[in-house]
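Note that the sequence shown covers residues 112 to 452 in my numbering.
C-beta: ideal position from N, C-alpha, C; glycine also.
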Amino acid sequence: MKKRVLVTGGAGYIGSHTTVELIEAGYDVVIVDNLSNSELRAIDGIKQILGVDIPFVEADCCDKVAMTKLFNDYKFDAVIHFAAYKAVGESMALPLEYYQNNIGSLITLLEVMRDSKVNNLVFSSSCTVYGQADVLPVTEMTPRKDATSPYGNTKQMCEDILNFSTAAYPSIHGIALRYFNPTGAHPTALIGELPKGVPNNLVPFITQTAAGVREQLSVFGNDYNTPDGSNLRDYIDVIDLAKAHVIAVTRLVEGKGKANYEVFNIGTGRAVSVLELVETFQRVNDVKVNYKIVGRREGDIEAVWADTTYANNELGWSAKRTIDETMAAAWAWEKNVRGIK
Ligand code: NAD
Ligand code: WQD
């Protein structure tokens, strides 16, 4: 019998890629998404890649009645909870919406899981929980700093909720994956990142500038204490990230975890600067990105990248894709979206 995974937020960027990897690894998937930050295009893309239909339920994960119905309609072996709001700047202006959606959806999900005896949950956490760490790279033991945005705070709070809930309901097991900076797209260019409006994140801004949708990329600061003065990040390919979820689900379903609640860094372990990333994108794709160095963006941290030793050893997972491959995939996807040959 195939195991069935509920993917919340499966029409979104990381959820859509993870759905493809789960199906290819032999799992059944049901997607639930309220399309608040995604389009049905992603569901079509998944179907085109796989050649099969994936059950899609349009519902809000905070809606307990709808979620209870979903858990009555299907028997799930595990849940991956991607559904959340994710824009740091927007969360400063709309803190209540962010707390409501990100915390509310997790609590609703855990209640319904407890009541329907679905015991395995993989949660989307973020390197944002570390803030500006004193020692780099960060390990899972690196102390979390006070959150600097409601968004980051929701990720810290969700980790805490998982920690205490898995202790109180010991049949529930959870894994939090702390992603670094996810980027890239599926090699078919049929799914990828589809931000609504002006992108906040670097790579969609680069690809849209190269495509002529944006006039100019602003590089936020070259006066940081880093080799070229621009920020350092750990850009993790979305396919490598998706595969980490398959491994985490399998670990839970097979009961191989070392504790009721586990946390893993999911990054490459490599620090790449903003300027290096722009140069790489231009070189790999032989395309020009019009950019200008401007002042620092408020709230940006100088540098963060992952120590991935724990995920490498314990999950047997490591990032395989090079930054060149990732930048090529990001551009192929943008060209497909814009109809550029
Ligand atoms: P995304 O916005 O593309 O996907 C999230 C999906 O969840 C969207 O399709 C949205 O419509 C849906 N959604 C939101 N609230 C919902 C609700 N209440 N009910 C049902 N569906 C809902 O974002 P993503 O980049 O794929 O991120 C997925 C997860 O990973 C999020 O939890 C995010 O915080 C986390 N994360 C993302 C990044 C990143 O840079 N992309 C980094 C670290 C962690
Ligand atoms: C990356 C670098 C910018 C845009 C955010 C969240 C974090 C996590 C990942 C979810 C920075 C620079 C960006 C631009 C630029 N998400 N930049 N010009 O800020 O590292 O992290 O996404 O959990 O929580 O905070 O990602 O892509 O916004 O920026 O120069 O137009 O690119 O200053 O150094 P960030 P990002």
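(Q) Taking 8 Å as the threshold (C-beta atoms), are GLU413 and ASN243 in contact? (A) It is worth fixing the name first, because residue 243 is Gln in this sequence and not Asn. Against a cut-off of 8 Å, the Cβ pair of GLU413 and GLN243 comes out as a contact.
Q: Take every Cβ of the stretch 405-420, pair it with every Cβ of the stretch 334-352, and state whether three or more of those distances are shorter than 8 Å.
A: yes
Q: Could you tell me the boundaries of the beta strand (DSSP E) in which PHE167 lies?
A: 167-169
Q: Count the other C-beta atoms from every protein chain shown that fall within 10 angstroms of the C-beta of ASN376, then say buried if there are 16 or more, exposed otherwise.
A: buried
Q.
Are there any heavy atoms of the ligand NAD lying less than 7 Å away from the beta-carbon of THR277, as far as the coordinates show?
A. no
Q) Just reading off the beta strand (DSSP E) that LYS403 is part of, what are its end residues? A) 402-405
**Q.** Closer than 7 Å: residues whose CB approaches a heavy atom of the ligand WQD
**A.** LYS197, VAL199, SER237, CYS238, THR239, TYR262, GLY263, LYS266, TYR290, ASN292, ASN311, ASN312, LEU313, VAL314, PHE316, LEU328, SER329, VAL330, PHE331, GLY332, SER341, ASN342, ARG344, VAL385, ARG408 and ASP411
Q) Quick one: Cα of VAL330 to Cα of ALA440, how far? A) 22 Å
Q | Exposure label - ASP339; buried when at least 16 CB within 10 Å | A | exposed
Q: Confirm the yes/no value for this check: CB of ILE125, any heavy atom of the ligand NAD, distance under 7 Å.
A: yes
(Q) Which of the three DSSP states is assigned to PHE275 in this structure? (A) helix
Q. According to the Cβ coordinates, are VAL116 and ASP188 closer than 8 Å?
A. yes
Q) Is ALA322 near the ligand NAD, with its Cβ less than 7 Å from a heavy atom? A) no
Q: Indicate whether VAL395 and ASP435 have their beta-carbon atoms separated by less than 8 Å.
A: yes
Q: Sort out for me which residues DSSP pairs ALA414 with in a bridge.
A: LEU343
Q.
Quick check on this structure: which residue in THR119, ILE154, LEU207 and PHE291 has the alpha carbon closest to the alpha carbon of ASP351?
A. PHE291
**Q.** Segments of 4+ residues assigned as alpha helix (DSSP H) that fall wholly inside the stretch 247-309
**A.** 261-279
Q.
Is any non-hydrogen atom of the ligand NAP found closer than 7 Å to the C-beta of ASN230, if you look at the structure I gave you?
A. Summarising the ligand content, the structure contains the ligand NAD and the ligand WQD and does not contain the ligand NAP.
Q: From the DSSP output, read off the bridge partner residues of GLU373.
A: ILE286
Q: Could you pull the start and end residues of the beta strand (DSSP E) that ARG408 belongs to?
A: That residue, ARG408, is in no beta strand (DSSP E); it is neither H nor E in DSSP.
Q | Assumed close pair ALA122, LEU146 - CB separation to whole angstroms, cut-off 8 Å | A | 6 Å
Q) What does a CB cutoff of less than 6 Å around SER235 pick up in its chain, not counting 5 residues either side in sequence? A) PHE193
Q: Could you name the residues of the same chain whose beta carbon sits closer than 7 Å to that of GLN159, not counting the 5 residues immediately before and after it, in chain order?
A: LEU301
(Q) Quick test of your reading: LEU99 and PHE316, contact by CB under 8 Å. State the CB separation rounded to the nearest angstrom. (A) With the chain represented from 112 up to 452, any question about residue 99 goes unanswered, as that position is not in the structure.
Q) What are the boundary residues of the alpha helix (DSSP H) that includes ARG362? A) 349-364
Q. In whole angstroms, what separates the C-alpha of THR259 from that of LYS113?
A. 42 Å
Q.
I need the DSSP call for VAL385, collapsed to helix, strand or coil.
A. helix
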